[in-house]
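Down below is the structure, laid out as structure tokens.
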Amino acid sequence: MAQSEQEILEGLAEIVNEETGLDTDSVQSEKSFTDDLDIDSLSMMTIVVNAEEKFGVRIPDDEVKNLKTVGDAVSFIAKSQS
Amino acid sequence: MTAERRVVVTGLGATTPVGGTVPETWDAILAGRSGAKTMPFDWVEKYELPVKFAATIHTQPLDVLTKVEVRRLDPSAQYALIASREAWADAGSPEVDPERLAACIGTGIGGVWTLLDQWDNLREKGPRRVFPLAVPMLMPNASSAAVSLDIGARAGAHTPVSACASGLEAMGYAYEMIRNGRADIAVAGGTEGAVHALPIAGFAAMQALSTRNDDPERASRPYDTGRDGFVLGEGAAVIVLEEYEAAKARGAKIYAEIGGVGMSSDSHHIAAPEPEGAGASRAMVEAVERAGLTPKDIVHVNAHATSTPVGDVAESNAIRRAFGDDADGMPVSATKSMTGHLLGAAGALEGVFTILALHHRLAPATINLDDFDPAIKLDVVHGEARKLPDGDIAALNNSFGFGGHNVAVVFTSI
Numbered sequence: 001m002a003q004s005e006q007e008i009l010e011g012l013a014e015i016v017n018e019e020t021g022l023d024t025d026s027v028q029s030e031k032s033f034t035d036d037l038d039i040d041s042l043s044m045m046t047i048v049v050n051a052e053e054k055f056g057v058r059i060p061d062d063e064v065k066n067l068k069t070v071g072d073a074v075s076f077i078a079k080s081q082s
Numbered sequence: 001m002t003a004e005r006r007v008v009v010t011g012l013g014a015t016t017p018v019g020g021t022v023p024e025t026w027d028a029i030l031a032g033r034s035g036a037k038t039m040p041f042d043w044v045e046k047y048e049l050p051v052k053f054a055a056t057i058h059t060q061p062l063d064v065l066t067k068v069e070v071r072r073l074d075p076s077a078q079y080a081l082i083a084s085r086e087a088w089a090d091a092g093s094p095e096v097d098p099e100r101l102a103a104c105i106g107t108g109i110g111g112v113w114t115l116l117d118q119w120d121n122l123r124e125k126g127p128r129r130v131f132p133l134a135v136p137m138l139m140p141n142a143s144s145a146a147v148s149l150d151i152g153a154r155a156g157a158h159t160p161v162s163a164c165a166s167g168l169e170a171m172g173y174a175y176e177m178i179r180n181g182r183a184d185i186a187v188a189g190g191t192e193g194a195v196h197a198l199p200i201a202g203f204a205a206m207q208a209l210s211t212r213n214d215d216p217e218r219a220s221r222p223y224d225t226g227r228d229g230f231v232l233g234e235g236a237a238v239i240v241l242e243e244y245e246a247a248k249a250r251g252a253k254i255y256a257e258i259g260g261v262g263m264s265s266d267s268h269h270i271a272a273p274e275p276e277g278a279g280a281s282r283a284m285v286e287a288v289e290r291a292g293l294t295p296k297d298i299v300h301v302n303a304h305a306t307s308t309p310v311g312d313v314a315e316s317n318a319i320r321r322a323f324g325d326d327a328d329g330m331p332v333s334a335t336k337s338m339t340g341h342l343l344g345a346a347g348a349l350e351g352v353f354t355i356l357a358l359h360h361r362l363a364p365a366t367i368n369l370d371d372f373d374p375a376i377k378l379d380v381v382h383g384e385a386r387k388l389p390d391g392d393i394a395a396l397n398n399s400f401g402f403g404g405h406n407v408a409v410v411f412t413s414i
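First to last, the protein sequences are chains Y and P.
Counted the way full-length UniProt numbering counts, the first sequence spans residues 1 to 82.
Counted the way full-length UniProt numbering counts, the second sequence spans residues 1 to 414.
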């Protein structure tokens, strides 16, 4: 079932919080995973796999490098769900 | 030739089956409280384990660490981090050049929970569901690495692995590092988080564990004729070691000095102790000699004493072999009667107890000693704690591991 981008953002923020301890409010669309949120590649892989499970989508490894910002990830998940 | 560098203990930390800190743990030991309890885990019945109790951790890591720390560390490393933070704070968080600061944390088994959890993930959900940190969490050096990251230690992070002697061997290794000038301060000890179905089934299969399921608190009974094996425990203990002159100069609280370390190997059997205790006694003699002492100077022994029928007698023989009649003047405490056997953390925890015994001049009582085994030729402290003499005194801590590893450390009052 497709979710709104806002719902996806909130769900993603929970995943990031669980993995990194970052406050969910700090996980905003324009934030860069590496530059703003200081998420390393190992944590990113965990977030990706947890997002796949939570949102019922598949995020190929080749695609992960294109997900620079939180918004990129939200858009990719929304597109995959539709 | 520079003057010999002396090594002192300036901080203590522990998380154990009887307390979340050193003061809590020591209070429980002096009160004679057992940490053994029936395991509340569903896997005990699921796998029909023959042993249904263990000395599980007193304070859950989530009560002390952040959620993210718990998520990214195996229980063994969580315990190590908790104990090292307490020890470091207890030492007053000394200012030190990171390149002169070392971390030495031994473990018997390492990240067994992570290894087996992730194996379950692989089998049930596939390779993509294996946690990306699986390998750095399960590796045995994960604990020394986590501690070195936490305190910023860059002189070296080391992980002695010698089964149940690991924790004390780590203290010995750190002592040598400071003596040899490789470091000025070291955080050292042992950790274990192996209260898991597989190690329990394995130890039970070799008939090493007590099966006193109906009375867990009475199950660990070193030197008693009714002993039937050890009680598995978990936790960590860590000390801060420091070069004496520097510690004195900064006004550090000094608990004790490390007088000498002795190590040997049996080359006898992969699991059984050498019955005459030749290897173990060599380690003890070496520790006393390296401390520049004689057996008459040793006023207390914290024994390895796991509560196995064979092991307790072998250690008694080894102590007699090492010290002869002088052993009569060495009141022996078997604190595993309360903590259970913390495997790779055991020697470190008993090192802490030995240091505290010197510091408070009090040898803790062994519990559950109702019917003294006549094969044991030792003066075992039981009933109530024994006052240790005033003046300069020394105490010995023994630790032995599967594989025939023997470690003995002499601590002295200061």
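C-beta atoms are modelled at their ideal positions from N, C-alpha and C, and glycine is treated no differently.
The structure presented is a predicted model; accordingly, all values stated were derived computationally and were not measured.
Please name the residue in the options whose C-alpha comes closest to that of residue i.
| i | options | result |
| --- | --- | --- |
| P/E69 | P/A165, P/V147 and P/L198 | P/V147 |
| P/A186 | P/G111, P/V9, P/A287 and P/C164 | P/V9 |
| P/S316 | P/G226, P/P222 and P/R218 | P/P222 |
| P/A54 | P/A322, P/M39, P/V64 and P/Y47 | P/M39 |
| P/G311 | P/P295, P/F323, P/A271 and P/V301 | P/A271 |
| P/E217 | P/A408, P/R6, P/A365 and P/S337 | P/S337 |
| Y/D36 | Y/A78, Y/S75 and Y/T69 | Y/T69 |
| residue 415 of chain P | P/E242, P/D74 and P/W113 | With chain P represented from 1 up to 414, any question about residue 415 of chain P goes unanswered, as that position is not in the structure. |
| P/A372 | P/R227, P/S210 and P/V285 | Reading the sequence as shown, one finds Phe at residue 372 of chain P and not Ala. Of P/R227, P/S210 and P/V285, the residue nearest in Cα terms is P/R227. |
| Y/D40 | Y/G11, Y/Q81, Y/S80 and Y/V16 | Y/V16 |
| P/A145 | P/A134, P/H158 and P/N121 | P/H158 |
| P/V285 | P/A408, P/V44 and P/G403 | P/A408 |
| P/H382 | P/A363, P/M177 and P/D390 | P/A363 |
| P/R320 | P/G279, P/P309 and P/R290 | P/G279 |
| P/G152 | P/D215, P/V313, P/L81 and P/V112 | P/L81 |
| P/I57 | P/K37, P/G110, P/D120 and P/A287 | P/K37 |
| P/G233 | P/V130, P/L342, P/A134 and P/V313 | P/L342 |
| P/C164 | P/G235, P/K125, P/T412 and P/K296 | P/G235 |
| P/Q60 | P/G19, P/F41 and P/A87 | P/G19 |
| Y/V49 | Y/L12, Y/E7, Y/S82 and Y/A78 | Y/L12 |
| P/L115 | P/H268, P/E384, P/P132 and P/H304 | P/P132 |
What residue does the alpha helix (DSSP H) around residue i start on, and which one ends it?
| i | result |
| --- | --- |
| P/E169 | S166 to R179 |
| P/G311 | P309 to F323 |
| P/A346 | A346 to H360 |
| residue 415 of chain P | Missing from the structure shown is residue 415 of chain P; chain P here goes from 1 to 414 and no further. |
| P/E24 | V22 to A31 |
| P/T339 | K336 to T339 |
What span of residues does the beta strand (DSSP E) with residue i cover, start to end?
| i | result |
| --- | --- |
| P/H405 | H405 to T412 |
| P/T211 | No beta strand (DSSP E) holds P/T211; DSSP gives it neither H nor E. |
| P/N398 | A394 to G401 |
| P/T15 | V7 to T15 |
| P/G19 | Looking at the DSSP string, P/G19 is not in any beta strand (DSSP E), and its letter there is neither H nor E. |
| P/V187 | I185 to E192 |
| P/G235 | G235 to E243 |
Next item on the list: Give the residues from the stretch 125-146 of chain P that approach chain Y closer than 8 Å (Cβ to any Cβ), ordered along the chain.
Entry: Taking 8 Å as the Cβ-Cβ cut-off against chain Y, the residues of the stretch 125-146 of chain P that qualify are R128, R129, F131, P132 and L133.
Notebook entry, point to check: Of all the residues that make up the stretch 57-77 of chain P, which are near chain Y by a beta-carbon distance shorter than 8 Å?
Noted result: Going along the stretch 57-77 of chain P in chain order, one finds T66, K67, V68 and R71 with a Cβ nearer than 8 Å to chain Y.
Checklist line | Any 3 or more C-beta pairs closer than 8 Å across the stretch 237-252 of chain P and the stretch 312-330 of chain P | finding: These segments do not touch.
Margin query: List, from N- to C-terminal side, the alpha helix (DSSP H) runs of 4 residues or more that fit wholly inside the stretch 36-114 of chain P.
Written below: Listed in chain order, they are 42-46, 67-72 and 75-90.
Note to self: Quick check: the stretch 373-392 of chain P against the stretch 344-354 of chain P, are at least 3 beta-carbon pairs closer than 8 Å?
What the structure shows: Taking one beta carbon from each stretch, the stretch 344-354 of chain P and the stretch 373-392 of chain P have fewer than 3 pairs nearer than 8 Å; the two do not touch.
Item checked: alpha helix (DSSP H) segments (min. 4 residues) lying fully within the UniProt domain "Carrier" (3-81) of chain Y -> Unbroken alpha helix (DSSP H) stretches of 4 residues or longer found wholly inside the UniProt domain "Carrier" (3-81) of chain Y: 5-20, 41-55, 61-64 and 70-81, given in chain order.
Margin query: Check whether the stretch 354-369 of chain P and the stretch 390-400 of chain P are in contact - that is, three or more C-beta pairs closer than 8 Å.
Written below: In the pairwise beta carbon analysis, the stretch 354-369 of chain P is classified as touching the stretch 390-400 of chain P: at least three pairs are separated by under 8 Å.
Note to self: Suppose only complete runs of 4+ residues qualify. What are the alpha helix (DSSP H) ranges in the stretch 248-304 of chain P, listed by chain order?
What the structure shows: Taking only runs of at least 4 residues, the alpha helix (DSSP H) segments lying wholly in the stretch 248-304 of chain P are 278-290.
Check: Which ranges does the beta strand (DSSP E) cover as unbroken runs of at least 3 residues, wholly within the stretch 106-162 of chain P, from first to last along the chain?
Finding: The stretch 106-162 of chain P contains these whole beta strand (DSSP E) runs: 156-158.
Check: Counting Cβ pairs, one atom from each stretch, are 3 or more of them under 8 Å apart for the stretch 50-58 of chain Y and the stretch 97-113 of chain P?
Finding: Because the criterion of three Cβ pairs below 8 Å is not met, the stretch 50-58 of chain Y and the stretch 97-113 of chain P do not touch.
Next item on the list: Select from the stretch 14-28 of chain Y all residues with a C-beta closer than 8 Å to any C-beta belonging to chain P, and list them in chain order.
Entry: Those residues of the stretch 14-28 of chain Y that come within reach of chain P (Cβ to Cβ, closer than 8 Å) are E18, E19, T20 and G21.
Notebook entry, point to check: Are there three or more Cβ pairs, one per stretch, closer than 8 Å when the stretch 25-34 of chain P is compared with the stretch 193-213 of chain P?
Noted result: These segments do not touch.
Next item on the list: Please name the residues in the stretch 36-58 of chain Y whose beta-carbon is closer than 7 Å to at least one beta-carbon of chain A, in chain order.
Entry: No chain A appears in this structure, whose protein chains are Y and P.
Note to self: Using a Cβ distance threshold of 8 Å, determine whether the stretch 81-92 of chain P contacts the stretch 169-181 of chain P, with at least three qualifying pairs required.
What the structure shows: Taking 8 Å as the limit for Cβ pairs, the verdict is that the stretch 169-181 of chain P does not touch the stretch 81-92 of chain P.
Check: Is there contact between the stretch 22-35 of chain Y and the stretch 70-77 of chain Y, where contact requires at least three CB pairs shorter than 8 Å?
Finding: Taking 8 Å as the limit for Cβ pairs, the verdict is that the stretch 70-77 of chain Y does touch the stretch 22-35 of chain Y.
Check: How do the stretch 45-64 of chain P and the stretch 202-212 of chain P stand: do at least 3 beta-carbon pairs fall below 8 Å, yes or no?
Finding: Counting Cβ pairs under 8 Å, three or more are found: they touch.
Checklist line | Cβ contact check for the stretch 188-196 of chain P and the stretch 69-79 of chain P: 3 or more pairs under 8 Å | finding: Output reads yes: the stretch 69-79 of chain P touches the stretch 188-196 of chain P.
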